[in-house]
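Enquirer: Let me give you the structure first, and then I'll get to my questions.
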Amino acid sequence: EVKKNGKNGYQFYTGELNAQLQHKIELEVELRQAIGRDQLYLDYQPQIRTGDGRMIGVEALVRWRHPSRGVVSPGVFIPIAEETGMIYELGTWVLREACRQMKTWHDAGGPLITVSVNLSSQQFHQPNLTQYIKNILEETGLAPQYLELEITESMMMDASVSIGILNELTDYGIRISLDDFGTGYSSLSYLKLLPIHKLKIDRSFIRDITVNRNDKAIVATIISMAQHLNMDVIAEGIETKEQLDILTDNDCEKIQGYYYSRPLPPAEVEQTFFAPMRGAALRG
Ligand code: C2E
Ligand code: MG
Ligand code: MG
Ligand code: MG
Numbered sequence: 519e520v521k522k523n524g525k526n527g528y529q530f531y532t533g534e535l536n537a538q539l540q541h542k543i544e545l546e547v548e549l550r551q552a553i554g555r556d557q558l559y560l561d562y563q564p565q566i567r568t569g570d571g572r573m574i575g576v577e578a579l580v581r582w583r584h585p586s587r588g589v590v591s592p593g594v595f596i597p598i599a600e601e602t603g604m605i606y607e608l609g610t611w612v613l614r615e616a617c618r619q620m621k622t623w624h625d626a627g628g629p630l631i632t633v634s635v636n637l638s639s640q641q642f643h644q645p646n647l648t649q650y651i652k653n654i655l656e657e658t659g660l661a662p663q664y665l666e667l668e669i670t671e672s673m674m675m676d677a678s679v680s681i682g683i684l685n686e687l688t689d690y691g692i693r694i695s696l697d698d699f700g701t702g703y704s705s706l707s708y709l710k711l712l713p714i715h716k717l718k719i720d721r722s723f724i725r726d727i728t729v730n731r732n733d734k735a736i737v738a739t740i741i742s743m744a745q746h747l748n749m750d751v752i753a754e755g756i757e758t759k760e761q762l763d764i765l766t767d768n769d770c771e772k773i774q775g776y777y778y779s780r781p782l783p784p785a786e787v788e789q790t791f792f793a794p795m796r797g798a799a800l801r802g
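Here the sequence shown stands for residues 519 to 802, numbered as in the UniProt record's numbering.
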């Protein structure tokens with residue numbers, strides 16, 4: 519809102535906008551320091567195979583333990599990191615830490631599961647993405663088949679570009695999951711061309727699935743399409759047994775959601791989802 523402020527000037531922001539902007543600028547400055555000050559950490563949300571209840575993977579989700587504001591959620595600071603270019607540094611930290619943790623788990627005799635890491639659009643389009651990720655995998659010692667990158671449909675808008683990037687990544691052995699599936703603009707004709715291993719059904723279709731026939735129809739269709747395209751499918755945001763039953767009835771065998779587990783710190787993943795083993799060895 520632009521307000522006229524007397525003869526010689528304009529006041530560009532109302533008080534409230536000013537306060538919001540101020541808050542954002544503060545967060546920006548503080549986020550810049552957060553990495554160096556060890557304020558970022560990852561929680562891991564188990565992905566469960568419903569047939570036997572086993573954990574088949576985890577999604578790494580970044581959090582910021584702010585010294586005075588408490589835990590800030592990625593929904594707040596990832597957009598700031600993207601706007602300011604900090605996403606590269608932040609994203610590198612996330613990738614390295616997620617790979618390091620999974621390698622530590624594997625070495626300690628934990629289950630040979632995958633770790634999923636969310637990529638921002640800017641990261642996905644950075645030059646030499648594959649080489650950059652190779653370096654992180656080599657540095658941490660994690661084999662490529664245990665890393666799954668979560669990308670979104672909006673990053674696939676220019677299919678001729680995306681297909682090149684995705685081919686490089688998948689030729690190297692990295693897995694690709696299409697996150698928040700159904701909420702973006704996916705052209706189904708591109709979908710069949712892109713080397714994608716997994717569709718991740720967005721939570722917005724799950725929320726009302728027990729009462730909304732349209733959501734149920736969409737979810738059933740995505741599951742069936744994934745099967746026909748030979749892709750894996752997982753549903754996110756399952757919170758209740760009733761939702762789970764509908765997914766199971768429709769042959770969705772993989773689930774991520776509060777019903778099984780919230781995102782957890784590594785030690786709690788071990789305690790709850792690993793077979794009994796020596797805890798000390800696991801944290802590396
Ligand atoms: P996402 O990748 O779609 O991650 C799933 C989000 O849904 C997570 O929120 C998770 O905590 C939440 N969730 C999982 N199960 C349930 C459930 O049963 N009910 C409900 N209500 N929520 C559930 P979170 O951790 O706040 O992350 C939000 C978003 O921030 C992520 O959405 C992702 O887009 C982004 N994000 C998180 N970590 C990173 C990261 O390291 N890098 C990038 N670029 N983005 C990240
Ligand atoms: Mg995700
Ligand atoms: Mg998602
Ligand atoms: Mg999401």
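From the three backbone atoms N, C-alpha and C, an ideal C-beta is built for every residue, glycine too.
Does the Cβ of N636 have 16 or more other Cβ atoms within 10 Å, making it buried, or fewer, making it exposed?
Expert: Result: buried.
Enquirer: Indicate whether I681 and L712 have their beta-carbon atoms separated by less than 8 Å.
Expert: Taking 8 Å as the Cβ cut-off, I681 and L712 qualify as a contacting pair.
Enquirer: Taking the straight line between their C-alpha atoms, what separation do you get for E686 and G609?
Expert: So the two alpha carbons sit approximately 19 Å from each other.
Enquirer: Figure out for me which residue from G691, I714 and D720 has the closest Cα to the Cα of T701.
Expert: Checked all of G691, I714 and D720; the closest Cα to T701 is D720.
Enquirer: Contact defined as beta carbons within less than 8 Å: I believe I605 pairs with S638. What is the distance between those atoms, to the nearest angstrom?
Expert: Going by Cβ atoms, the distance from I605 to S638 rounds to 5 Å, so yes, they are a contact pair.
Enquirer: Kindly indicate the opening and closing residues of the beta strand (DSSP E) around K772.
Expert: Segment K772 to Q774, the beta strand (DSSP E) holding K772.
Enquirer: Could you give the distance in angstroms between the alpha-carbon of T632 and the alpha-carbon of C617?
Expert: So the two alpha carbons sit approximately 9 Å from each other.
Enquirer: Could you name the residues of the same chain whose beta carbon sits closer than 6 Å to that of Q766, not counting the 5 residues immediately before and after it, in chain order?
Expert: Sequence check: residue 766 is Thr here, not Gln. Around T766: T568.
Enquirer: Could you tell me the alpha carbon to alpha carbon distance between residue 819 and A677, rounded to whole angstroms?
Expert: Limits of the chain in this structure are 519 at one end and 802 at the other, which puts residue 819 out of reach.
Enquirer: Regarding K718 and ligand 3, is the C-beta to nearest heavy atom distance less than 7 Å?
Expert: For ligand 3, at least one heavy atom lies less than 7 Å from the Cβ of K718.
Enquirer: How long is the line joining the alpha carbons of I598 and Q619, rounded to whole angstroms?
Expert: The straight-line gap from Cα to Cα measures roughly 26 Å.
Enquirer: Can you tell me the Cα-Cα spacing of M675 and L717, whole angstroms?
Expert: Their Cα atoms are separated by approximately 17 Å.
Enquirer: Please determine, among I714, I724 and N536, the residue with the shortest C-alpha to C-alpha distance to E671.
Expert: With distances taken between Cα atoms, E671 lies closest to I714.
Enquirer: Quick one: what does DSSP say S634 is sitting in, helix, strand or coil?
Expert: Reduced to three states, the DSSP call for S634 is strand.
Enquirer: Excluding the five sequence neighbours on either side, which residues of its own chain have a C-beta within less than 6 Å of the C-beta of Q649, listed in chain order?
Expert: Nothing listed; no residue qualifies.
Enquirer: Kindly indicate which three-state DSSP category S591 falls into: helix, strand or coil?
Expert: The answer is coil: DSSP assigns S591 none of H, G, I, E or B.
Enquirer: From the DSSP output, in three-state form, read off P597 for me.
Expert: Of the three classes helix, strand and coil, the one that applies to P597 here is helix, per DSSP.
Enquirer: Between which two residues does the beta strand (DSSP E) containing V580 stretch?
Expert: R572 to H584 is the extent of the beta strand (DSSP E) around V580.
Enquirer: Skipping 5 residues on each side, what residues in its chain have a beta carbon closer than 6 Å to that of V787?
Expert: Closer than 6 Å at Cβ, skipping near neighbours: Y562.
Enquirer: Please tell me whether, using a cut-off of 7 Å, the distance from the CB of D769 to the nearest non-hydrogen atom of ligand 3 is below it.
Expert: Flag unset: Cβ of D769 not near ligand 3.
Enquirer: By DSSP, does A661 sit in helix, in strand, or in coil?
Expert: Three-state DSSP puts A661 in coil, outside helix and strand.
Enquirer: What is the DSSP secondary structure of Q745, reduced to helix, strand or coil?
Expert: If DSSP states are grouped into helix, strand and coil, Q745 belongs with the helices.
Enquirer: My understanding is that R581 touches Y559, with C-beta atoms under 8 Å, so please give their C-beta distance in whole angstroms.
Expert: Sure, about 6 Å apart at Cβ, within 8 Å.
Enquirer: Using only the alpha-carbon positions, how far apart do V737 and F723 sit?
Expert: Distance between the alpha carbons of V737 and F723: 7 Å.
Enquirer: To the nearest angstrom, how far is the alpha carbon of K542 from that of Q557?
Expert: Those two C-alpha atoms are separated by around 18 Å.
Enquirer: Return the first residue and the last residue of the alpha helix (DSSP H) that K542 is part of.
Expert: Unbroken alpha helix (DSSP H) run through K542: G533 to A552.
Enquirer: Any heavy atom of ligand 2 closer than 7 Å to the Cβ of E668?
Expert: Yes, ligand 2 has a heavy atom inside 7 Å of this Cβ.
Enquirer: Excluding the 5 residues preceding and the 5 following G659 in the sequence, name in chain order all residues of the same chain whose CB lies nearer than 7 Å to its CB.
Expert: So the list reads K621, once near-sequence residues are dropped.
Enquirer: So what does DSSP say about L712, is it helix, strand or coil?
Expert: L712 falls in the coil class under three-state DSSP.
Enquirer: I want to check one thing, is the minimum distance from the CB of E577 to the heavy atoms of ligand 2 below 7 Å?
Expert: E577: yes, Cβ under 7 Å from ligand 2.
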